[in-house]
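Below is one structure; the comments refer to it alone.
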Amino acid sequence: MKKSIQALFTISAIAVSSFLSSCDSVIFDDQGDCSVHYRVPITYTKNILDADAFASQVNSVTLYVYDQQGNLVLQKTESVEVLRDTDYSMDIDLLPGQYSMMVWGWGTPNATPASSFTISDVAQLTGLSASLPLSGSEGNFYSDQELTPLFYGYNATVNCPDTYGYVILPAIDLTKDTNTFVIALENYEGLPIAEDALSVSIESQGNMLNWQNLPEGDNPFTYQSWSQSLIGSERPETRDDGETGNVTGILAELTTSRLMADSHPMLVVHRKWDDTDIIRLDLIELLMLVRGHFPYDGQEYLDRVDRYTMTFFVDADLSWYTAKGISILGWKVVPPQHTEF
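If you want it as structure tokens, here you go:
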């Protein structure tokens, strides 16, 4: 009997040892076999609502995985059918180790045709970039189409442990790299304005976003409006400035790439009949006039707000009527003192 008990313990010890060292033949209810499967959650919480808007705004994502030498070891794309899950994660097959992971994602534009960033140089981490196609020629490059929404995310060091089962890796939270501007030019007396009397543009430079999501490029170019229409009413109503009266003017829409707090793109309103800029403002300085209404520092504020509404007022001669101020995101502000107009 004593030998039987000892034999039983010996067999049990061997079984436990075998389980710990190798579980190739063991099946788990929720884990499948004993190989390792990694999952990468991807979210989009860096927005003005501070909530995960991934499922509603992102239609496709491509994950790039790089080894410690910066070489591409995995690239995987998933699209709209899979991304509707509220808690989305991408299944990937990797050997255990440490990696860097980057995501470029895309949404759906509101207008057609639309322009999309192109992704290039994926073989090396430091070469991975997104470039905005431009029209025109040297000295007159421009973008005049809506931009397909672009998203970026990056985790510098991700540890994939040598274990078994499903391993949830750290989430990659996305930043939206495209911004829509809706700019109204209203006659403060309710007088009509010809649709083509004024144009709205944003002068910038650097049409490429590098692997760190920073703009690069020296060629200046212009974002031109991809939509411009008349606004007007035949009955009195509450205007954007809070007063009652006829609303008449021009509504222009533009889309830009990522805005940086230390950059100086210029917002320009041009009067065509005498080839005169009636408004020329540092766009970032202008947007910062209302940053205090948000609980974020400068760059985070620019990254979280992806749609900016502005209203400027003009007089009968289509000159900027500064006495009415400017409405930005619904707040009335005073124009900067050194404004050129």
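Counting from 2, one number per residue, gives the positions in the sequence shown under our numbering. We put the CB at the ideal spot given by N, CA and C, even for glycine.
Under 7 Å Cβ to Cβ from residue i, same chain only, skipping five residues before and after it: list those, please.
{"i": "glutamine 69", "result": "Gln99"}
{"i": "tryptophan 332", "result": "Val291, His294"}
{"i": "aspartate 94", "result": "none"}
{"i": "alanine 262", "result": "Ile285, Gly299, Gln300, Leu303"}
{"i": "serine 22", "result": "At serine 22 the pLDDT is 42, less than 50, meaning the model places this residue with poor confidence and gives no usable figure here."}
{"i": "asparagine 211", "result": "Ser130, Glu217"}
How would you write the range of the alpha helix (DSSP H) that residue i sits in, first residue to last?
{"i": "valine 81", "result": "81 to 84"}
{"i": "glycine 98", "result": "Looking at the DSSP string, glycine 98 is not in any alpha helix (DSSP H); the run it does join, the beta strand (DSSP E), is 98 to 107."}
{"i": "serine 57", "result": "55 to 58"}
{"i": "glutamate 286", "result": "284 to 288"}
{"i": "tyrosine 302", "result": "299 to 305"}
Which partner residues does residue i have in the DSSP bridge list?
{"i": "lysine 177", "result": "Phe152"}
{"i": "isoleucine 327", "result": "Val334"}
{"i": "lysine 77", "result": "Leu64"}
{"i": "glutamine 146", "result": "Glutamine 146 is not bridged to any residue."}
{"i": "leucine 186", "result": "Ile251, Phe313"}
{"i": "tyrosine 39", "result": "Ile93, Val168"}
{"i": "tryptophan 321", "result": "Val315"}
{"i": "threonine 119", "result": "Ser132"}
{"i": "serine 228", "result": "Glu254"}
{"i": "glutamate 139", "result": "Glutamate 139 pairs with nothing; no bridge assigned."}
{"i": "aspartate 278", "result": "His271"}
If you measure between the beta carbons of residue i and residue j, is that distance less than 9 Å?
{"i": "phenylalanine 118", "j": "proline 134", "result": "yes"}
{"i": "asparagine 48", "j": "aspartate 318", "result": "no"}
{"i": "threonine 186", "j": "valine 315", "result": "Correcting the residue type first, residue 186 is leucine in the shown sequence and not threonine. A contact, by the Cβ cut-off of 9 Å."}
{"i": "tyrosine 143", "j": "serine 132", "result": "no"}
{"i": "leucine 199", "j": "arginine 272", "result": "yes"}
{"i": "arginine 259", "j": "aspartate 145", "result": "no"}
{"i": "serine 328", "j": "valine 335", "result": "no"}
Going by DSSP, what residue range makes up the beta strand (DSSP E) through residue i?
{"i": "tyrosine 224", "result": "221 to 225"}
{"i": "valine 269", "result": "267 to 272"}
{"i": "leucine 129", "result": "Leucine 129 -> no beta strand (DSSP E), and no H or E assigned at all."}
{"i": "valine 201", "result": "199 to 206"}
Could you pull out every residue in the same chain whose Cβ sits closer than 8 Å to the Cβ of residue i, ignoring the five residues on either side in sequence?
{"i": "isoleucine 203", "result": "Phe182, Thr223, Tyr224, Leu255, Thr257, Pro266, Met267, Leu268, Val269, Leu284"}
{"i": "valine 168", "result": "Val37, His38, Tyr39, Arg40, Cys161, Pro162"}
{"i": "leucine 175", "result": "Ile43, Thr44, Tyr45, Lys47, Phe55, Val59, Val104, Gly106, Phe152, Tyr153, Gly154"}
Apart from the five residues on each side of it in sequence, which residues of its chain come closer than 6 Å, Cβ to Cβ, to residue i?
{"i": "proline 42", "result": "Ser90, Ala172"}
{"i": "glutamine 125", "result": "Gly71"}
{"i": "threonine 78", "result": "Thr63"}
{"i": "serine 320", "result": "Ile279"}
{"i": "valine 201", "result": "Ile184, Ser226, Ala253, Val270"}
Output yes if chain C places a C-beta closer than 9 Å to the C-beta of residue i; else output no.
{"i": "threonine 179", "result": "Protein chain content of the structure displayed is limited to a single chain, and chain C is not contained in it."}
key: Inter-stretch contact at 8 Å, needing at least 3 Cβ pairs: the region 249 to 258 / the region 190 to 197   = yes
ask   = Is there contact here, the region 102 to 117 with the region 149 to 159, by at least three beta-carbon pairs under 8 Å?
value = yes
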